[in-house]
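S.K.: What follows is a structure written as structure tokens; I'll ask about it next.
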Amino acid sequence: MPPVEPFRGVSLGGWLVFESFLTPYLFTLTDCDVNGNFYDVAIGNRQGNATSSGINRNVVKIGNETKNCMPLEAYPVDTWTLTSSFPSKDMARAYLKRHWDTWVTEDDIAKISGAGLTHVKIPMGHWIRGDIREGEPWVDGDWQYFARAVGWCRKYGLKVVADIHTAPGSQNGFDNSGQLLTQRTARHWSTHQERVARSIKAVEDVALAVKDEGMDDVVGGIEILNEVYSDANITTVKDFYDKSFDAIRRYLPNTTVVASDNFDSGQFNGFWTDPHKYSNTLLDTHLYTVFSEKLRAMSPKQHVAFVCGKHYNIEMMKCCWNDDGRSKGLGRIIGEWTASYDMDVAAMINVVFDEISRTGIAPRFDREISPQEKRMLRNYVEAQMVVYEGKVAGETNGWFYWNFKVQGGVFAEWDLLRGVDEGWFPKVDAFIPARERFGDCEDIILRTKDDLSVIHEYPDPKDLPDELIEERYFDDDIVSSHGLSLERHRRAHQIRCALVILSVVMLAFAVVRGNHRLRHRKQRKEYDALPDAEFEVVKTPPPTPSP
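To convert, note that position 294 of the sequence shown is 294 in the UniProt record's numbering; the numbers rise steadily by one, no gaps.
Take a look at the structure:
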């Protein structure tokens with residue numbers, strides 16, 4: 001079986017599984033929409049096929065044809081409630097086809113390839129091959145768009161990871177599972193044997209279709225299930241992974257198999273260790289700081305230092321190990337990360353919805369990123385690349401950024417294509433490690449300016465209840481000192497290095513001088529003594545002048 005190739009990828013999120021902060025205009029339905037009158041009410045079209053940097057932010061297309069369209073009293077919040085908003089599945093499908101057809105374009109794929117990336121991850125619903133039961137509002141018809149994207153990736157030299165992003169009942173309670181629940185939990189999936197069996201069948205159906213439709217030259221990986229929550233019984237999860245692995249291998253013997261880490265990667269030490277059977281498998285870890293109030297409040301240097309410091313190093317080293325050392329089977333990958341550092345999107349999306357409902361335009365739709373913010377973003381991205389590519393060769397197999405683009409400017413830090421356009425996301429060279437291009441973590445920390453003007457924490461801590469304000473304590477001296485301890489250490493290290501160099505030079509000089517003296521003494525001892533002799537002084541008369 002071939003070894004796992006390095007991944008430098010980006011996810012095509014918000015396309016086949018919907019998330020409101022990525023595509024808010026898809027969710028802001030009006031009574032016109034649910035009656036089958038789909039109007040273009042935002043820039044480009046409602047579904048917004050433009051990245052947040054590639055749109056004319058000064059033009060909003062709200063014409064007379066939409067002035068009588070009233071927003072719904074409550075906007076949908078996930079795929080389940082979005083498709084449920086329409087009176088029929090046919091109408092929901094007609095609405096979604098506009099989005100499927102425009103959110104990912106051939107031009108997007110070309111730009112992703114041009115940025116040097118090697119892979120795209122395509123999140124999809126467990127219903128994509130038609131497993132929709134009575135009473136479920138899921139809408140099929142999107143597989144053909146997935147197949148079209150695979151063709152574009154073949155054309156532009158990209159590999160694809162098919163990511164089963166949802167599960168019956170929800171594997172985590174998040175909106176990205178297709179169904180936002182009132183609590184974070186996997187129990188509505190993991191404790192129902194029939195639902196787990198449906199998930200295994202969904203994995204098998206995707207693998208079979210990839211094989212039968214000749215996509216296996218491009219689809220180089222399948223992710224079994226995204227972000228299984230940590231309260232799922234680990235025995236149930238591992239059995240699910242084993243059966244899904246077998247289902248994939250039945251049709252795709254060389255495809256990389258990716259499994260979620262359940263938000264606790266240490267549970268998977270000793271799992272899938274056989275190097276012959278499991279050499280092409282990866283454990284997927286997602287690393288974010290924006291969902292913690294304490295972390296959002298960090299200074300620029302602290303943000304970079306936190307990524308480079310103890311917390312992430314511990315997380316990276318928790319898995320995957322065997323009794324005799326690092327696993328030769330299951331490897332690691334950072335399957336999601338972002339440049340966003342100070343805004344909780346789950347809190348801000350309500351503000352976005354309110355503003356669209358009131359004015360038709362999302363807040364900060366025309367937002368520009370300041371030069372100071374771009375420098376901070378560039379340093380933050382470079383530091384994460386250095387860490388996620390592994391400080392030790394083989395520690396990880398790479399990363400996937402979330403996401404390739406977003407609608408509007410409020411969540412622009414999640415928009416890789418905008419980042420490439422604006423220079424705060426560097427173009428990738430998969431054959432040159434990030435450390436060789438950007439320096440090590442210490443270098444990046446030291447060149448990051450602690451300019452607090454680039455920190456715009458949202459929600460504002462003043463508006464949060466006391467129980468959500470976290471103690472500003474960090475068990476990491478570099479983070480807690482805002483990098484000052486690193487600078488002191490670097491200066492002390494430089495002084496020590498200078499003293500060592502001076503000592504070496506002085507020692508070398510002493511050795512050279514000593515050797516010179518020894519050679520001089522030896523040469524004097526080897527001189528032959530001149531014999532005693534009589535010398536006669538002979539006076540030579542001056543020459544006679546010429547006439």
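All residues carry an ideal CB built from backbone N, CA and C; glycine is no exception.
Strictly by DSSP, which residues pair up with Arg8?
M.R.: Answer by DSSP bridge pairing, in chain order: Trp399.
S.K.: If you compare alpha carbons, which of Ser88, Val161, Glu194 and Ala202 is closest to Gly130?
M.R.: The shortest Cα separation from Gly130 among Ser88, Val161, Glu194 and Ala202 belongs to Ala202.
S.K.: State the Cα-Cα distance for the pair Leu29 and Val104, rounded to the nearest angstrom.
M.R.: About 21 Å.
S.K.: Please give me, in chain order, every unbroken run of the alpha helix (DSSP H) with length at least 4 that falls completely inside the stretch 223-264.
M.R.: The stretch 223-264 contains these whole alpha helix (DSSP H) runs: 234-251.
S.K.: Going by DSSP in three states, Asp284 sits in which element: helix, strand or coil?
M.R.: Three-state result, Asp284: strand.
S.K.: CB Ala110 to CB Tyr156, shorter than 9 Å?
M.R.: Yes, these two residues count as a Cβ contact at 9 Å.
S.K.: Since Ile455 and Val304 should fall inside the 8 Å C-beta cutoff, what is the C-beta to C-beta distance between them, to a whole number of angstroms?
M.R.: Not a contact, Cβ separation roughly 13 Å.
S.K.: Using C-beta distances below 6 Å, list every residue in its chain close to Leu416, excluding the 5 sequence neighbours before and after it, in chain order.
M.R.: Closer than 6 Å at Cβ, skipping near neighbours: Val10, Tyr401, Phe404 and Phe425.
S.K.: Ordered along the chain, which non-local residues of its own chain (more than five positions away) have a Cβ less than 6 Å from that of Trp15?
M.R.: The residues are Trp103 and Val104.
S.K.: Could you tell me whether the stretch 162-173 touches the stretch 207-226, using the rule of 3 or more Cβ pairs below 8 Å?
M.R.: Counting Cβ pairs under 8 Å, three or more are found: they touch.
S.K.: Candidates Glu422, Thr236, Trp143 and Ser84: which alpha carbon is nearest Trp127's?
M.R.: If we check each option's Cα against that of Trp127, Trp143 comes out closest.
S.K.: What is the C-beta distance between Leu181 and Ser199, in whole angstroms, given that I count them as a contact (C-beta under 8 Å)?
M.R.: Not really, about 17 Å apart at Cβ, beyond 8 Å.
S.K.: Do Phe18 and Leu72 have their beta-carbon atoms positioned less than 9 Å apart in this structure?
M.R.: Going by C-beta atoms, Leu72 is not nearer than 9 Å to Phe18.
S.K.: Indicate whether the contact test is met: 3 or more Cβ pairs, each with one atom in the stretch 407-414 and one in the stretch 366-376, closer than 8 Å.
M.R.: Yes, the stretch 407-414 is in contact with the stretch 366-376.
S.K.: Considering only the alpha carbon of each residue, which of Glu413, Asp440 and Met343 lies closest to Ala387?
M.R.: Checking the displayed sequence, the identity of residue 387 turns out to be Val instead of Ala. Nearest of Glu413, Asp440 and Met343 to Val387, Cα basis: Asp440.
S.K.: Starting from Gly331, follow the beta strand (DSSP E) in both directions and report where the run begins and ends.
M.R.: Looking at the DSSP string, the run of the beta strand (DSSP E) that includes Gly331 is Gly331 to Glu336.
S.K.: When we look at the beta-carbon of Lys427 and count the other beta-carbons within 10 Å, is it buried (16 or more) or exposed?
M.R.: By the 10 Å Cβ count, Lys427 comes out exposed.
S.K.: Please determine if the stretch 278-296 and the stretch 332-352 are in contact, where contact requires at least 3 C-beta pairs separated by less than 8 Å.
M.R.: As far as the Cβ criterion goes, the stretch 278-296 touches the stretch 332-352, which means the pair count is three or higher.
S.K.: What three-state label does DSSP hand Val59 in the structure shown?
M.R.: Its pLDDT being 36, under 50, Val59 is placed unreliably in this model, and the value from its coordinates should be taken loosely. Of the three classes helix, strand and coil, the one that applies to Val59 here is coil, per DSSP.
S.K.: Closer than 6 Å by C-beta to Glu205: which residues in its own chain qualify, once you throw out the five before and the five after it? Chain order, please.
M.R.: The amino acid at residue 205 is misidentified as Glu; the sequence shows Asp. The residues are Arg129.
S.K.: Please list the terminal residues of the continuous alpha helix (DSSP H) segment that includes Ala346.
M.R.: Val345 to Thr359 is the extent of the alpha helix (DSSP H) around Ala346.
S.K.: Pairing CB atoms from the stretch 326-335 with CB atoms from the stretch 272-282, are three or more of them under 8 Å?
M.R.: Touching, per the Cβ criterion.
S.K.: Pull up the distance between the alpha-carbon of Val381 and that of Glu422, whole angstroms please.
M.R.: Looking at the two C-alpha atoms, the distance is approximately 13 Å.
S.K.: May I have the straight-line CA-CA distance separating Ile132 from Thr23, to the nearest angstrom?
M.R.: Roughly 24 Å between the two C-alpha positions.
S.K.: How far does the alpha helix (DSSP H) with Lys294 in it reach, from first residue to last?
M.R.: Unbroken alpha helix (DSSP H) run through Lys294: Glu293 to Arg296.
S.K.: Decide if the stretch 83-100 is in contact with the stretch 183-200; the criterion is three or more beta carbon pairs, one per stretch, under 8 Å apart.
M.R.: No contact exists between the stretch 83-100 and the stretch 183-200.
S.K.: How far does the beta strand (DSSP E) with Ala162 in it reach, from first residue to last?
M.R.: Residues Lys159 to Ile164.
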